[in-house]
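Only one structure is covered here, and it is reproduced in the block below.
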Amino acid sequence: MIGHVLRAVQAMEPSRIVAVVGHQREQVAEHITELVPDAVLAVQETQEGTAHAVRVAMDVAGPTTGTVVVAAGDTPLLEGESLRRFVAEHEQTGHAVSILSGVVDQPFGYGRIVRDENGQVERIVEEKEASEAERKIHEINSGILAFRADFLRSALELIDNDNAKGEYYLTDAIGLARAQGLGVGAFAIDDVKQTEGANDRAQLAELGAELNRRIVTRWMREGVTVMDPRTTWIDADVVLAPDVTLLPGVQLLGATVVGEDAVVGPDSTLKDCEVGSGARVVRTHAELAVIGERANVGPFSYLRPGTRLGAGGKIGGFVETKNAVIGEGAKVPHLSYVGDADIGEGTNIGAGTIFANYDGVAKHQTTVGKHARTGSNNTFVAPVTIGDGAATGGGTVVRKDVPAGALAVSAGEQRNIEGWVFARRPGSKQAEAAQEAGQVAGQVDPGVGAEPPRGSQS
711 MIGHVLRAVQ
721 AMEPSRIVAV
731 VGHQREQVAE
741 HITELVPDAV
751 LAVQETQEGT
761 AHAVRVAMDV
771 AGPTTGTVVV
781 AAGDTPLLEG
791 ESLRRFVAEH
801 EQTGHAVSIL
811 SGVVDQPFGY
821 GRIVRDENGQ
831 VERIVEEKEA
841 SEAERKIHEI
851 NSGILAFRAD
861 FLRSALELID
871 NDNAKGEYYL
881 TDAIGLARAQ
891 GLGVGAFAID
901 DVKQTEGAND
911 RAQLAELGAE
921 LNRRIVTRWM
931 REGVTVMDPR
941 TTWIDADVVL
951 APDVTLLPGV
961 QLLGATVVGE
971 DAVVGPDSTL
981 KDCEVGSGAR
991 VVRTHAELAV
1001 IGERANVGPF
1011 SYLRPGTRLG
1021 AGGKIGGFVE
1031 TKNAVIGEGA
1041 KVPHLSYVGD
1051 ADIGEGTNIG
1061 AGTIFANYDG
1071 VAKHQTTVGK
1081 HARTGSNNTF
1091 VAPVTIGDGA
1101 ATGGGTVVRK
1111 DVPAGALAVS
1121 AGEQRNIEGW
1131 VFARRPGSKQ
1141 AEAAQEAGQV
1151 AGQVDPGVGA
1161 EPPRGSQS
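711 is the number of the first residue of the sequence shown in the numbering used here; add one for each residue after it.
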């Protein structure tokens, strides 16, 4: 949430950003400095009101001239362009203080903008301090204010806490400015939702849904097809090319980038992923993965961090990958786990293959060359290398390197034990079916050649 506010603030290109932190500040401060490394942190040890918070910020900021903008940290819909217009109007009028206000149908809980008979701002009155008449005012204080720096410093010295909550209200600066004959302005924002804050998790969810609706709408207007906006979630940092198609149930999170003509969904979640042009991603969960141009993924695939699928490649149904580079045109079509692997271009990995990369202590690498063909139900026990153009038989456990062009098999010769079912499972449905089949085939004695039963039958 604070990240959205910081982004809006940065749009003003301020000379300095001071963030006031208090409760659980270790977590909050770390996140702020990740987003804005040069932000200055001011610690409000005790929460004694908005004027107290700004006083702490001004003490940390040091000598300050020009315009000081005060914004709340819980307004995720706030946009930089709105702040730029607000500051431009404030500086153009030369007011000592300006208020970003809004007109709302339900003003309960907000400070009201009180104007005199000439329409000039007289003061801001908080909900608990307001009279019955003042509570009927629909123009509210958003909590976003712009000050002339010299006036702000002097006002902070004069604001007291003689009020119902015993706090230092920054809005008392309005009355001080009027008393000194200085200009006070209030500029109503058209999109008042930008100033709404989150006081509980219900409001947070409402703001999150509204922010997502705005993001999805913006992308549709820029040429992205969203089949069902109600079930589509797109984070603020996601980048989509024109003609991307998002099917129902898609979540694009973090710094995900999707290329032109790619189709994602239905029911897919991509976090911090890169999807190439023309790729298809169906019912997939992926994080920190790269999917190449014209590649196909899914359904029911799980791409873990470090997965890189080359152009035209395929990761098919019920496949899990991790720290795996799958080359151009290479395929892992079905029911496989690929971990700590490098698979060359044009190679096909058979169904049910396991890359056994962990020996209980350390992870090891498997390398499969280009244009190799591996059989179904293989296990590659790392570290191991399968050469270019090599092949492996079905059911093979590969423990040694396979030279280029060679065929690796590890299974012994098949042998059939005749009559085993009659001996081991007499009277069962299986035995009845076998006996009927034997009679059709002309078998007279179903027990011929059978191994004798060992132990009791159950």
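For each residue, glycine too, the CB sits at the ideal point set by N, CA and C.
Please read all numbers here as calculations on a predicted model, not as lab measurements.
Taking residue i as the reference, give the member of the options with the closest Cα.
| i | options | result |
| --- | --- | --- |
| L855 | I884, V731, V936, G1103 | I884 |
| T979 | A1121, L998, G969, L1019 | L998 |
| A782 | G853, E1128, F1065, I1127 | G853 |
| T881 | E867, E844, V835, R858 | V835 |
| G759 | A874, G933, A749, E842 | A874 |
| N851 | V1112, G893, P817 | P817 |
| E723 | T756, A739, R795, I712 | R795 |
| R1109 | A1116, T774, F1090 | F1090 |
| N1007 | V1000, A1021, R1018, I1025 | Checking the sequence, you will find Val at residue 1007 rather than Asn. Cα-wise, what sits closest to V1007 is I1025. |
| T1017 | Q1145, G1049, A1040, K1041 | G1049 |
| L892 | G1103, T1102, R833 | R833 |
| T756 | R931, L963, Q734 | Q734 |
| V1071 | K1080, M930, A1092 | A1092 |
| D784 | P773, Q904, T777 | Q904 |
| G713 | R1004, A946, A752 | A946 |
| G1104 | A1118, D815, G1148 | A1118 |
| G772 | Q802, A752, G933, G1020 | A752 |
| V954 | V1131, R940, V1112, G975 | G975 |
| V1094 | I742, P952, T1077, N871 | T1077 |
| A1066 | K1041, T1106, G1099, A1005 | T1106 |
| G1039 | T743, H800, R1004, I944 | R1004 |
Does the Cβ-Cβ distance between residue i and residue j come in under 8 Å?
| i | j | result |
| --- | --- | --- |
| V766 | Q754 | yes |
| A989 | A965 | no |
| A1061 | H1044 | yes |
| E984 | L787 | no |
| H805 | G918 | no |
| A721 | G790 | yes |
| I1096 | A1082 | yes |
| L793 | V719 | yes |
| V968 | A898 | no |
| A1141 | R1135 | yes |
| F861 | V779 | no |
| L963 | V936 | no |
| V750 | T777 | no |
| G1037 | G1054 | yes |
| T774 | A859 | yes |
| D977 | G959 | yes |
| S1088 | T1102 | Position check: residue 1088 holds Asn in this sequence, whereas Ser was assumed. Their beta carbons are under 8 Å apart, which means N1088 touches T1102 by this criterion. |
Could you tell me the boundaries of the beta strand (DSSP E) in which residue i lies?
| i | result |
| --- | --- |
| I809 | 807-813 |
| S1011 | 1011-1013 |
| S978 | 978-981 |
| R858 | 849-858 |
| I1025 | 1024-1027 |
| E839 | First-last for E839: undefined, no H or E at that position. |
| H1074 | Where H1074 is concerned, there is no enclosing beta strand (DSSP E), given that its DSSP letter is neither H nor E. |
| I727 | That residue, I727, is in no beta strand (DSSP E); it is neither H nor E in DSSP. |
| I1036 | 1030-1036 |
| H1044 | 1041-1044 |
Determine the burial state of residue i: buried for a count of at least 16 other Cβ atoms within 10 Å of its Cβ, exposed for fewer.
| i | result |
| --- | --- |
| E1030 | buried |
| I1059 | buried |
| V715 | buried |
| I1127 | exposed |
| Y878 | buried |
| E736 | exposed |
| A887 | buried |
| L868 | exposed |
| R845 | exposed |
| E1146 | exposed |
| E916 | exposed |
| S1166 | In this predicted model, S1166 has a pLDDT of only 37, less than 50, meaning its place in the structure is not dependable; the value taken from the coordinates is given anyway. Answer is exposed; the Cβ neighbour count stays below 16. |
| Q961 | buried |
| Y1047 | buried |
| H848 | exposed |
| G1159 | Confidence at G1159 is low in this model, with a pLDDT of 48, below 50, so the placement of that residue should be treated as unreliable; the coordinate-derived value is given next. Exposed, because fewer than 16 other Cβ atoms sit within 10 Å of the Cβ of G1159. |
| R931 | exposed |
| A1034 | buried |
| K1139 | exposed |
Would you mind reading off the limits of the alpha helix (DSSP H) that contains residue i?
| i | result |
| --- | --- |
| G918 | 911-931 |
| V719 | 712-720 |
| Q754 | Segment: none, Q754 is in no alpha helix (DSSP H) and carries neither H nor E. |
| F1065 | First-last for F1065: 1064-1066, but that is the beta strand (DSSP E), not the alpha helix (DSSP H). |
Taking one C-beta from the segment 984-996 and one from the segment 1010-1019 each time, how about it: are there three or more such pairs within less than 8 Å?
-> yes
Within the chosen definition, does the segment 823-837 reach the segment 906-916 through at least 3 CB pairs nearer than 8 Å?
-> no
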